[in-house]
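Top to bottom, those sequences are chains A and B. Going by this note's numbering, the first residue of the first sequence is number 7, and it counts up by one from there. Going by this note's numbering, the first residue of the second sequence is number 5, and it counts up by one from there. For glycine and all other residues, C-beta sits at the position ideal for the given N, C-alpha and C.
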Amino acid sequence: MGAKASAATRSALVNPTSGVTGPRSKRRQNREVIYRHTVLVRLTHWVNALTIFLMVGTGLNIFNAHPRLYWGARGDEYDHPLLSVYAQSAHGAVRGVTQLGALTFDTTGVAGWSKEAGEWTARAWPAWITIPSFQDLADARHWHFLFAWVLVANGMIYLAWSLASGHARRDLWPTRADLKAIPRSILDHLRLRHPTGEAAKRYNVLQRLAYLGVIALIGGMLVTGLALSPGIDAFAPWLIDLLGGRQSARTLHFVFASMVVLFVAVHLAEVVLAGPFNEVRSMLTGHYAVPKEHD
Amino acid sequence: MSPVSRRTALFGALTGSGVLLGGCARIFGADQLTGSEAFRRVSDVAQSWTLHTQRFLLSDGAMAKEYRLSDLSPVFKANGTINPGGDDYARAAADAFANWTLRIDGMVARPMSLSLAELRRLPSRTQITRHDCVEGWSAIGQWTGVPLGLLLKAAGVAPGAKYAVFHCADDLDGEPDKGGQQAPGRYYESIGLVDAFHPQTIIAYAMNGRPLDIAHGAPLRLRVERLLGYKHAKYVQRVQLTDTLAGIGAGRGGYWEDRGYDWYAGI
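Rendered as structure tokens:
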């Protein structure tokens, strides 16, 4: 086995009519394999995945340094927060509290009061979700600003290529027919029904909108993130006015990040539902086996 | 797919992404990497890109936004040292800092010492600006003081000088709950000459129309509006012009810089 077998498997994938025998290859014989993702899409996808993962984890560590969000130009402990996470002693016990507007939630164990290396600790986000796991604003900022550059460089390469090669127009921009099919596509997604045959060879309309949406969201992360920099604010004061003030920008940065996390969760769920092996392989090798009509 | 396996798949993906995110610091070895020399070197490169990009964008001397009186924080959060304590400072505070002097020395043609009264007689600038703490909060205050550039011009900056270092009267204990090097130390800060000569960079002696109070840095503090709060040294006693930060504190340019924070605080 080994090298020989994997070469045979590969040729079966690329060329469904190749003469490989055996039960596995027989099943694949009339399976159509297309080249779905170019090298550039695959490379930028994985760099982006790692980067977003690190940006979210380090962002949550940074958030922990001042776990309160406000609206407007200013906001400190004397101002009224929209959201705040804190530990509170009541009746001899400490509870983690998350306050959102007028509502408060007991989030002991996760937000406000959680275990770090076996010890109960007052911290907004728990150790298992932040990068680094221990509370360190300076270190988290180093990671965040290093990978912000990676995010920008990777994003620019992807965007420039997507626009120049027609990937954006061809694969992402929804057609008029796509837009008309939105209600049906929503219904299909809710019933966890995935396109097969010819329809599976192109991104469906919700996919297109989700990918365009997450590109816009990352753009929003970048803009709101830059607006937090006092240097950039001096360079472009209109930016912070547009966003409603620095603390509004910080809140929006957090809201957009939450939406990115939501995208990732739905994205991963869809990968699992659509066939994790085929989907992950297509993002690694580029080759995608088209699901048959009555699979 | 049967409904059960669909539900399992969905649930699996959602918890999977949670678990993936959770423990991520361990999966990627991020905790170990964080303290390493290699990581510090790479992150220093990113810091220098940020610095050079912002220096380029701000090369026309762009000003930080100024606000109106109605925007002032009702209570301006006092952070870091809120009272330096000690006999010398307590005595100085007791006679309203009448004998406090600001010394300007190092790489200057004419080292000088100025009393608080002398500083108050010099041309001043008043500005209402937003103070952005590295932790994430912002407060708005009105500051009055002498433009640092005016003082430096009077002292005559020697060719080759690169930094203005601010020596302060307070010791700080660091952030024992936040990791890093946390030995107590004397507060100090440094900025480049581009920021030192910026018109909004002032040695402030008044806040919100009153003499600066102890919690906010009495009698003198730095305001350097295009940088984060930790750069705005309080209780300033001496401004030293130098061509190197080596040999001052731990050599990284400031109290917080010596404890892991970036020297360039425009982000």
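- In the DSSP assignment, L234 (chain A) falls outside any beta strand (DSSP E), carrying neither H nor E.
- Nearest Cα to V261 (chain A) within the set A:Y84, A:Y76, A:P138 and A:A206: A:Y76.
- Under the DSSP definition of a beta bridge, M211 (chain B) partners with B:W147 and B:R214.
- The C-alpha of W104 (chain B) is placed about 15 Å away from the C-alpha of F170 (chain B).
- Of the other Cβ atoms in all chains shown, fewer than 16 fall within 10 Å of the Cβ of K207 (chain A); this residue is therefore exposed.
- Against chain A, the beta carbon of Q58 (chain B) has neighbours under 8 Å at S235, G237, I238 and F241, listed in chain order.
- With respect to chain A, the C-beta atom of V198 (chain B) has no partner C-beta closer than 9 Å.
- Less than 9 Å divides the Cβ of R80 (chain A) from the Cβ of S77 (chain B).
- With at least 16 other beta carbons inside 10 angstroms of its own, D145 (chain A) counts as buried.
- Not one beta carbon of chain A lies nearer than 9 Å to the beta carbon of I86 (chain B).
- In this structure R114 (chain B) is in contact with G160 (chain B), their Cβ atoms being roughly 5 Å apart against a cut-off of 8 Å.
- Under DSSP, M116 (chain B) shares a beta bridge with B:I108.
- Annotation: A82 (chain B) has no Cβ neighbours in chain A at a cutoff of 7 Å; minimum Cβ distance is about 10 Å.
- Counting every other CB atom within 10 Å of its CB across the protein chains shown gives L109 (chain A) a total below 16, marking it as exposed.
- Against chain A, the CB of K69 (chain B) has a partner CB under 9 Å away; the residue lies at that interface.
- Taken through DSSP and simplified to helix, strand or coil, V211 (chain A) comes out as helix.
- DSSP lists no beta-bridge partner residue for Q141 (chain A).
- A residue is called buried once 16 or more other Cβ atoms fall within 10 Å of its Cβ, and L232 (chain A) is buried on that count.
- Rounded to whole angstroms, the separation of the alpha carbons of S90 (chain A) and L106 (chain A) is 7 Å.
- When A:A242, A:M289 and A:V62 are compared, the shortest CA-CA separation from F151 (chain A) is found for A:V62.
- T114 (chain A) is not a Cβ neighbour of G98 (chain A), given a cutoff of 9 Å.
- Residue-level contact check: W260 (chain B) touches chain A, since one or more beta carbons of chain A fall below 9 Å from its beta carbon.
- Put simply, of A:V211, A:W155, A:G251 and A:Y164 the residue whose alpha carbon is nearest the alpha carbon of R182 (chain A) is A:V211.
- Per DSSP, Y41 (chain A) is one residue of the beta strand (DSSP E) stretching across V39 to Y41.
- Under the 9 Å criterion on CB atoms, E41 (chain B) is classed as non-interfacial with respect to chain A.
- For H293 (chain A), the secondary structure class from DSSP, reduced to helix, strand or coil, is strand.
- Residues of the stretch 74 to 85 of chain A with a C-beta atom less than 7 Å from some C-beta of chain B are A79, R80, G81, D82, E83 and Y84, listed in chain order.
- With respect to chain A, the C-beta atom of Q131 (chain B) has no partner C-beta closer than 9 Å.
- With its beta carbon at least 9 Å from every one in chain B, F283 (chain A) lies outside the interface.
- With respect to the 9 Å criterion, L157 (chain A) and T57 (chain A) are classified as neighbours on the basis of their beta carbons.
- Between T50 (chain A) and I163 (chain A), the C-beta spacing is below 9 Å.
- Across the stretch 226 to 247 of chain B, CB contacts with chain A closer than 8 Å involve E229, R230, L231 and L232, in sequence order along the chain.
- For the stretch 130 to 150 of chain A, the beta-carbon criterion of a distance under 9 Å to any beta-carbon of chain B is satisfied by P132, A133, W134, I135, T136, I137, P138, S139, F140, Q141, D142, L143, A144, D145, A146, R147, H148 and W149.
- The stretch 250 to 264 of chain A and the stretch 275 to 284 of chain A do not touch, with fewer than 3 CB-CB distances between them shorter than 8 Å.
- At a cut-off of 9 Å, the C-beta of Q253 (chain A) has a neighbouring C-beta in chain B.
- If you compare the alpha carbons of B:G258, B:R230, B:S128 and B:P223 with that of L120 (chain B), the shortest gap goes to B:P223.
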